[in-house]
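Worksheet for the structure shown next.
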Amino acid sequence: MANSLFLPNHTLVAPPPRSLSASVSSKPNKPQPPLLPCPPSLRLLGFSSFSLTTTSSSSVINHSSGSSGGSRRRVSSIKSRLTPQASVTPLNSRKENGKSNAGPSERGADQENFPPLKTLLQIYKEAIFNGDGKTVSEVEAIIEVIENEKNELVSQVSSASAEITSGKEKLIRLQADFDNCRKRFEKERLTVRTDAQGEVIESLLPMVDNFERAKQYLKPETEREEKIDASYQGIYKQFVEIMRSLRVAVVPTVGKPFDPSLHEAIAREESQEFTEGIIIQEIRRGFLLGGRLLRPAMVKVSSGPGSKKSPVATEKTTAGVEK
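Using the numbering used here, read the sequence shown as starting at 623 and increasing by one per residue.
The following block contains the structure:
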């Protein structure tokens, strides 16, 4: 096809063949066909106007070939390029027939039935130039099907994007739940460990009381008794180190205000040294494991005003530390 057919802002009327130049010049000049505004379909292809020649049957668009035989051959070529595979199938029937049962390869083959868009545009141009309304309708129908499928794909992509966003939000929630569960499990594990340690240490506290009583009442007199006393004191010190490593501490008593959550009062006595409510004597030691009370301390509490201020303890005692 001549290049003049695709130049914008030009008419589609081709010059007559050279063989007819003499006969045309001998005949009186006929008025040229008027230029008509280009329809939207041609305007999209780059044309702004065209001219029509009237025949007995219909209006035909002139082109550079100038011969009816060339037109018929071109129309024949257009129809041959629109193969039966490219015939238009309604979108709904395509969905009903093949979408549910067809695999990916069948759907891909169904999409390949359409010729490339560039070929469709070329066929569309030639059909418009030759006035082939049937081919134009077929191409427009194919383009409409492609447009519908494009809209459907856009909708599917939007739906997939929404599902991905929802999946990400669910993943974030699951990660947060997992972190909370892990922290709760760690806290419970520490609690179980502390409870187990507390039970073991509570069972050993009577042995601590025996060591304290022995130290208080036994006074070695001979060299042999001193050796025995040094031996059990060494064992007691080793036990104290183990208690310290387990974070066991002694409940503070003498000189401290009475605290029912830490102390157990067995008597109240008047005291000239301590004010009312201050512990004046420790009967049995109490112990703490971290922040947990293993055993309250048994104490005597002052019931009367004293003449002296109660001393304030500045150091925290631990299990086995001598007063």
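Ideal Cβ positions, reconstructed from N, Cα and C, are used throughout, including at glycine.
Compare the C-alpha of residue i against each of the options and name the closest.
i      : options                           : result
Met920 : Gly912, Arg914, Gly926 and Arg907 : Arg907
Ser925 : Lys805, Glu771, Arg914 and Ile901 : Ile901
Ile857 : Lys841, Val830 and Leu916         : Val830
Thr813 : Lys790, Lys922, Lys878 and Arg914 : Arg914
Pro874 : Pro882, Cys803 and Leu739         : Pro882
Leu884 : Leu775, Glu863 and Leu916         : Leu916
Pro738 : Ser759, Asn752 and Ile765         : Ile765
Pro879 : Glu863, Ala818, Ala889 and Glu898 : Glu898
Tyr854 : Glu863, Ile864, Thr844 and Lys837 : Lys837
Based on the DSSP output, what are the partners of residue i in its beta bridges?
i      : result
Leu915 : Leu910
Lys922 : Ala889 and Gln903
Pro879 : Ile900
Tell me whether residue i sits in a helix, a strand or coil according to DSSP, three-state version.
i      : result
Pro828 : helix
Val872 : strand
Leu840 : coil
Thr936 : Here Thr936 scores only 38 on pLDDT, less than 50, and its place in the model should not be relied on; the value that follows carries that caveat. Here Thr936 sits in coil by DSSP.
Gly820 : helix
Asp754 : coil
Gln855 : helix
Leu743 : helix
Glu895 : coil
Leu884 : coil
Can you have a look at residue i and say buried or exposed, based on whether 16 or more other CB atoms are within 10 angstroms of its CB?
i      : result
Ser780 : exposed
Gly820 : buried
Ser893 : buried
Lys790 : exposed
Asp606 : No answer is possible for residue 606: it lies beyond the span of the chain, which begins at 623 and ends at 945.
Phe807 : exposed
Lys849 : exposed
Ile823 : buried
Leu742 : buried
Asn832 : exposed
Asn752 : buried
Lys747 : buried
If the criterion is Cβ atoms closer than 7 Å, does the pair residue i and residue j meet it?
i      : j      : result
Leu910 : Ala871 : yes
Thr757 : Ala763 : no
Val767 : Ile745 : no
Lys922 : Glu895 : no
Gly912 : Arg869 : yes
Glu834 : Val876 : no
Pro918 : Glu886 : yes
So, does the CB of residue i fall closer than 7 Å to a CB anywhere in chain D?
i      : result
Leu796 : Judged by its chain identifiers, the structure shown contains no chain D, having just a single protein chain.
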